[in-house]
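Heads up: the sequence shown is residues 1 to 500, going by full-length UniProt numbering.
Heads up, the beta-carbon is just placed ideally off N, CA and C, and yes, glycines get one too.
Predicted, not measured: the structure shown is a model, and the values here were computed from it.
Below: the structure, in structure tokens.
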Amino acid sequence: MSLAVVYSRAQDGIGAPLVACEVHLSGGLPGTSIVGLPETAVKEARDRVRAAILNAQMDYPQRRVTVNLAPADLPKDGGRFDLPIALGILAANGGVPREALDDYEFIGELALSGELRAVHGVLPAVLQAMQRGRRVVVPRGNGGEAALVGGADVRVAGSLLEVCAHLAGRADLPAAQTDAEPSAEAVAPLSDLAEVRGQQQARRALEIAAAGTHNLLLVGPPGTGKTMLASRLPGILPPLAEHEALELAAVRSVAGHDTDIASWKRRAFRAPHHTASAVALVGGGSVPRPGEVSLAHHGVLFLDELPEFDRHVLEVLREPLESGRIAISRAARQAEFPARFQLVATMNPCPCGYAGDPGGRCRCTPDVIARYRSRLSGPLLDRIDLKLEMPRVPHAELRGTASGESSAVVRARVIAARAHQIARAGKPNAWLGNREVERDCVLDARLHTLLDRAVERLGLSARAYHRVLRVARTIADLADSARIDAAHLSEAIQYRRFEG
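Written as structure tokens, this is what we have:
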């Protein structure tokens, strides 16, 4: 029989659907055709595969070769199918035992010499293959990334010849390995919260944001420490759980970013420049790729000088802030990426930055200030849980030697508060649905009256109403309180007082 089937994985968002590489040899003029909705890089595989087989001193069939990548309606792109196509041709020609292919999935790009080159998106493929109970063969360059999936049987190879020798039983391919788990010191944050002088209220808001994964906006004149504070947020966040780290690593793999094995469980901190486009922020392209909001999955998206971003760019954040995902649709391709990020942003109070300064340095008119703040739409501001105006730090505090609490001390409280949330609802407070808010954020009659007055005075929307309750619940968790008290609710309300 001149038919062979080899299994591989395509790339679809952060998914990896199964692809059967069917190879058939028939009579007629020698030639190779690839069908099954292949993109240009896949069509070019016929030349790479032919050269790789010949340079490996193996026979290329002098017959009509038809390669079908099934399912036929799934677009295939990249060089990831080179290895399965080559093995299918060899198996159909009798160069590789067909029965040895049944338990494996193969991914890898071939050089003309027959060497295997690393490809993007290996981690999602390994995760899917493990769920199907199959072994996976990947290029040696992808071995460290593939080994992050615990329990998966992953083998690494450096060339086509090594894979053929393994399938023929002449040699074993080594298992994928990664470096030992790094110590806590190896991934310790470089910037410590103790370096921040003054700004006690802002430090408090940062701790609340970290404990409940709440979005945060810091407003203040230049030099008040807004960016300094925001950059220290990763140092007080809890470590990623195993499944969260794998989700983030999968997004990075699909995006073509190398995974830093030494700190792969560290939360992401993405800080795009204000000239970034909407596509750069949410993802896109003819073949959809994840953007900054997805690369910040389970981490922090930091937008410095928020009003300097194009308003259209900021508006695309509204959907992922609410749903935790981003759907990208193109004429022929659709993809969905996770985007459960924590937004932290900073802005000046006016274009010159000194509105409200006691020294009277601001010369901006009320109309100019209003236009500046109107760059941020009401719906976007409504999705930010904590808004805080930061005053200038007195010079006496800057000269002092006393420092505040370190990141390690604050992080211990954040981890304890987050543990309460996970035990109670299985998720941080910021992710609670409306019914979960009603269940976990119970108020007595006196507190309901207090909140109703705040809603009326501040003109809060229904969304803001629920966000106040989520923040109050986080403040109670930090205080190790089972119930929300008046002090917790009052503090949560004050973080909604900023007027955009």
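In terms of residue numbering, what span does the alpha helix (DSSP H) encompassing residue i cover?
i: Ile107; result: Per DSSP, Ile107 belongs to no alpha helix (DSSP H) and is neither H nor E.
i: Ser323; result: 318 to 323
i: His448; result: 445 to 458
i: Asn434; result: 434 to 440
i: Cys164; result: 160 to 167
i: Leu90; result: 82 to 92
i: Gln201; result: 200 to 212
i: Glu145; result: 143 to 146
i: Leu217; result: From DSSP, Leu217 is part of no alpha helix (DSSP H) but of the beta strand (DSSP E) over 216 to 219.
i: Pro379; result: 378 to 382
i: Ser127; result: Sequence check: residue 127 is Leu here, not Ser. 122 to 131 is the extent of the alpha helix (DSSP H) around Leu127.
Between residue i and the ligand COA, is the CB less than 7 angstroms from at least one heavy atom?
i: Gln199; result: The ligand COA is not part of the structure shown, which contains no ligands of any sort.
Below 8 angstroms on the Cβ atoms is my contact criterion, and I expect residue i with residue j to pass it. Report the Cβ-Cβ distance as a whole number of Å.
i: Val254; j: Gln11; result: 6 angstroms
i: Ala327; j: Glu336; result: 5 angstroms
i: Pro394; j: Gly220; result: 14 angstroms between Cβ atoms; not a contact.
i: Val414; j: Pro174; result: With a Cβ gap of about 41 angstroms, Val414 and Pro174 do not count as contacting.
i: Leu83; j: Leu116; result: 7 angstroms
i: Tyr60; j: Leu54; result: 6 angstroms
i: Ser2; j: Leu25; result: 4 angstroms
i: Leu87; j: Leu101; result: 7 angstroms
i: Leu193; j: Glu405; result: 7 angstroms
i: Glu315; j: Ser377; result: 6 angstroms
If the criterion is Cβ atoms closer than 8 angstroms, does the pair residue i and residue j meet it?
i: Thr213; j: Ala430; result: yes
i: Phe341; j: His297; result: yes
i: Val23; j: Ile107; result: no
i: Arg135; j: Asp103; result: yes
i: Val67; j: Cys21; result: yes
i: Lys76; j: Gly31; result: no
i: Ala16; j: Gln128; result: yes
i: Leu248; j: Leu240; result: yes
i: Ala211; j: Arg418; result: yes
i: Gly143; j: Gln177; result: yes
i: Glu145; j: Val122; result: yes
i: Ala152; j: Met130; result: yes
i: Ala209; j: Leu229; result: no
i: Val154; j: Pro139; result: no
i: Asn215; j: Ile422; result: no
i: Asp440; j: Arg424; result: yes
i: Gly150; j: Ala52; result: no
i: Glu207; j: Leu398; result: no
i: Ala4; j: Ala91; result: yes
Beta strand (DSSP E) containing residue i: first to last residue?
i: Thr32; result: 31 to 35
i: Val287; result: From DSSP, Val287 is part of no beta strand (DSSP E); its letter is neither H nor E.
i: Ala157; result: 154 to 157
i: Val279; result: Here Val279 belongs to no beta strand (DSSP E); instead the alpha helix (DSSP H) covers 278 to 282.
i: Arg467; result: Segment 462 to 478 is the alpha helix (DSSP H) holding Arg467; no beta strand (DSSP E) there.
i: Glu336; result: 334 to 338
i: Glu39; result: Looking at the DSSP string, Glu39 is not in any beta strand (DSSP E), and its letter there is neither H nor E.
i: Glu315; result: It is not in any beta strand (DSSP E) - Glu315 instead sits in the alpha helix (DSSP H) that spans 311 to 315.
i: Pro358; result: Segment: none, Pro358 is in no beta strand (DSSP E) and carries neither H nor E.
Residues in the same chain with beta-carbon distance under 7 angstroms from residue i, minus the five sequence neighbours each way, listed in chain order, please.
i: Pro290; result: Val251, Val254, Ala255, Gly283, Phe337
i: Ala492; result: Val468, Val471, Ala472, Ile475
i: Tyr465; result: Val455
i: Ala339; result: Val293, Ser294, His297, Pro320, Gly324, Arg325, Ile326
i: Glu308; result: His274
i: Ala205; result: Leu216, Leu386, Leu388, Tyr495
i: Ser183; result: Since pLDDT at Ser183 reaches only 43, below the 50 mark, its modelled position is unreliable, and the value read off the structure follows with that caveat. Cβ within range, chain order: n/a, list empty.
Residue i by DSSP, collapsed to three states: which one?
i: Asn68; result: strand
i: Glu242; result: helix
i: Ala296; result: coil
i: Thr346; result: strand
i: Asp47; result: helix
i: residue 510; result: Look at the range of the chain in this structure, 1 to 500, and you will see that residue 510 is not part of it.
i: Lys226; result: helix
i: His24; result: strand
i: Glu305; result: coil
i: Gln494; result: helix
i: Val6; result: strand
i: Asp12; result: strand
i: Glu99; result: helix
i: Ser329; result: strand
i: Ala175; result: strand
i: Arg371; result: helix
i: Ala184; result: The predicted model places Ala184 with a pLDDT of 44, which falls under 50 and marks its position as unreliable; any figure quoted below should be read in that light. In this structure, Ala184 counts as coil in the three-state DSSP scheme.
i: residue 505; result: Only positions 1 to 500 of the chain appear in the structure, and residue 505 is not among them; the question remains open.
i: Leu489; result: helix
i: Pro272; result: coil
Counting only the same chain and skipping the five closest in sequence on each side, list residues whose C-beta sits under 6 angstroms from that of residue i.
i: Ala188; result: With a pLDDT of 47 at Ala188, under the threshold of 50, the modelled position of that residue is not reliable, and the figure given next carries that caveat. So no residue of the chain qualifies.
For residue i, which residues in the same chain have their Cβ closer than 8 angstroms to its Cβ, ignoring the five residues on either side in sequence?
i: His312; result: Ala278
i: Gln494; result: none
i: Gly13; result: Val254, Pro288, Ala335, Glu336, Phe337
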